[in-house]
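Counting along the sequence shown from 1, when you hit position 151 you're at 150 in numbering that gives the first Met the number 0, and nothing is skipped either side.
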Amino acid sequence: MSEKWKPYPAYKDSGVAWLGEIPAHWKVQRSDGFLRENRHMLSPQKLPSSRVFHYSIPALEQTGDGQIEENSEIESMKLLLNGGELLVSKLNPRKTRVLIAEPHPEPTICSSEFVVMEPVGCVAEFAFYLYSSEEVRQYLSARVESATRSHQRVAGEIIAKLWCALPSPAEQRAIAAFLDRETAKIDALIAKKERLIELLQEKRAALISHAVTKGLNPKAPMKNSGVEWLGEVSAHWEVKRLKFIARFMYGDSLAAESREEGEVPVFGSNGIVGSHKIANTLAPALIIGRKGSYGKVNFSSQPCFAIDTTFFIDTTSTNTNLRWLYYALSLLNLDMQSQDSAVPGLSREFAYEQWLPSISDLEQRAIAAYLDFETGKIDALIAKVQGAIERMREYRTALISAAVTGKMDVRATA
């Protein structure tokens with residue numbers, strides 16, 4: 000970045016710890032001098048329409064935007080918006096939930112978990128990038144009021160009265176336009192990389208499906224398996240229900256505070272959640288999510304401890320090659336098959352009724368070795384692409400921070 004973008008000709012000490020030095024002609028100012036806080040709260044009963052456009056934290060996390068809701072679904076006091084306001088979440092500031100409210104045909108409201116500020120002496124887009132910057136994120140994260148990591152909250156006054164440096168409106172517009180252009184380019188590149196990962200994951204899934212259901216010999220005679228999702232299988236193969244191939248063993252209770260220091264991985268439904276000194280499986284082992292991330296299948300090459308939100312399979316509960324079975328179980332989509340309406344989870348009895356090919360140990364080992372090699376190549380490529388995406392995101396973050404804090408001069412790009 001330093002090679003492409005030049006600094007300003009002269010700097011001065013801002014007197015603000017998180018800002019450091021700023022361009023000599025920028026002014027240090029508190030944000031409530033150019034952003035007026037909107038505290039226009041309404042109860043659901045006073046909303047002027049039966050339908051509203053609602054900016055809520057859950058909607059923002061899921062879609063990056065608000066959503067239309069029925070007035071009858073609104074249960075708490077909300078802030079009424081006109082459009083054009085800057086919304087900054089008080090919750091978990093490390094997640095940087097910041098947006099500019101758009102005008103909508105429906106009355107527009109937002110959660111009281113947002114600080115709502117109307118630009119009165121600044122360019123809204125510049126303020127958006129300012130509050131989206133890494134420096135502000137860190138500043139707010141250091142001032143959270145609650146101790147739990149999942150429910151940290153910053154006082155609205157801290158957000159609304161942020162000391163920062165402000166260039167002229169013309170320069171604010173130039174910075175915002177520059178960041179619009181550059182972040183759009185980065186976002187487009189990230190989208191292409193993410194699409195590439197999707198295609199690689201599809202290729203990986205197809206590779207596993209074909210090897211497990213058709214085998215490795217393309218010239219082998221085939222027959223109808225009688226199972227819809229399996230289709231044709233090698234003529235010398237059988238198909239069996241899972242209950243005749245493996246038994247799902249229940250994991251054991253092990254609270255976090257009861258774990259003793261050791262090198263045995265502790266598996267929950269979503270993977271490794273810690274370590275312990277005692278294992279309750281042999282090696283290798285499959286760990287299948289029972290509650291929470293139910294149906295997810297993990298493989299452990301060493302003895303591990305499967306906790307009580309999981310099932311496990313090891314050599315005491317199957318004669319099947321466990322690496323082959325790992326790939327085979329991934330085709331059953333067990334994570335889509337919750338059988339518990341109260342607490343979503345995987346029913347062992349349901350899993351047992353699913354069909355899988357029954358093949359010789361020699362073929363199982365050959366298929367597992369082939370898939371280890373081929374999926375390993377795909378996984379390495381996916382990791383490489385993910386690394387590139389992470390570097391792009393880091394560059395994007397650094398670009399925003401450098402522009403809004405005056406570390407680089409982008410006026411010539413306007």
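Note that beta-carbon positions come from the ideal geometry of N, C-alpha and C, so glycine has one too. This one's a predicted model, so the numbers in the text were calculated from it and none came from an experiment.
- Within the same chain, 398 come within 7 Å of residue 181 by CB-CB distance, once the 5 residues on both sides are set aside.
- At the C-beta level, residue 320 and residue 282 stay beyond 8 Å of one another.
- Put simply, the backbone Cα of residue 173 is about 31 Å away from that of residue 58.
- Going by beta carbons, residue 240 and residue 354 fall inside the 8 Å limit.
- Going by C-alpha positions, residue 293 is about 17 Å away from residue 327.
- Here DSSP, grouped into helix, strand and coil, assigns residue 38 to coil.
- In the three-state scheme derived from DSSP, where H, G and I count as helix and E and B as strand, residue 381 is classed as helix.
- For residue 107, the uninterrupted beta strand (DSSP E) segment begins and ends at 107-110.
- Going by beta carbons, residue 258 and residue 377 fall outside the 8 Å limit.
- Between residue 117 and residue 84 the beta-carbon gap is near 5 Å, inside 8 Å, which marks them as a contact.
- Taken through DSSP and simplified to helix, strand or coil, residue 70 comes out as helix.
- In the three-state reduction of the DSSP assignment, residue 227 falls in the coil class.
- The straight-line gap separating the alpha-carbon atoms of residue 305 and residue 249 is approximately 8 Å.
- Using a Cβ distance threshold of 8 Å, residue 408 and residue 7 count as a contacting pair.
- Close CB contacts of residue 73 within its chain, under the 8 Å cut and outside five residues either way in sequence, are with 43, 46, 51, 53, 108 (chain order).
- Looking only at 129, 158, 130, 132, the smallest Cα-Cα distance to residue 143 is reached by 158.
- For the segment 95-142, the continuous beta strand (DSSP E) assignments of 3+ residues that do not extend past its boundaries occur at 97-99, 107-110, 113-118, in sequence order.
- Counting other Cβ atoms within 10 Å of its Cβ, residue 138 reaches 16 or more and is therefore classed as buried.
- For the options 263, 237, 65, the alpha carbon positioned closest to that of residue 284 is the one of 263.
- Judged by their CB atoms, residue 77 and residue 41 are nearer to each other than the 8 Å cut-off.
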